[in-house]
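So the sequence shown is numbered by this note's numbering: it starts at 34 and just counts up by one.
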Amino acid sequence: AAPPPPLHLLRGDKASGEAAAPTAPAALDPRRRKALDVLVKLVRVIGNLAISAEAATHLVGSRLLAGTLLALLQEHAVDEADELVLNVVSTVSNLTFYEGARDNHILLGRRVLV
């Protein structure tokens, strides 16, 4: 079986910058919907880990994790993948809640329009 196509729920085409019609999760093909569901579950796991002060302090220092979370916010519109976007925002909140985590500005120093 061929691997599922990349999951991009973008409003526009990255290469040309042209606007595309929003794609509701229900309108996605089953493989893309499943990939989106897996992303939501992975983000929830990270968010739940970040409830622990010690875990949050370590996780928030990961540039890879921070970059991935911010990329998810930038690539997925609320009207297209609301569950994913809300879980990413919640995870960022959990990661930056504790005082030690706030000393690390990888996530706090970036702004993303949701």
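The beta-carbon is built from N, C-alpha and C at its ideal position, and this holds for glycine as well. Note that the coordinates shown come from a computational prediction; the quantities given were computed from them, not determined experimentally.
Note that the C-beta distance between T101 and Y131 is not below 8 Å.
In the structure shown, L117 adopts helical secondary structure according to DSSP, grouped into three states. At least 8 Å separates the beta-carbon of T129 from that of V76. Following the DSSP letters along the chain, one finds V76 inside the alpha helix (DSSP H) bounded by residues P63 to L82. Taking the C-beta atoms as reference points, L105 is found nearer than 8 Å to V121.
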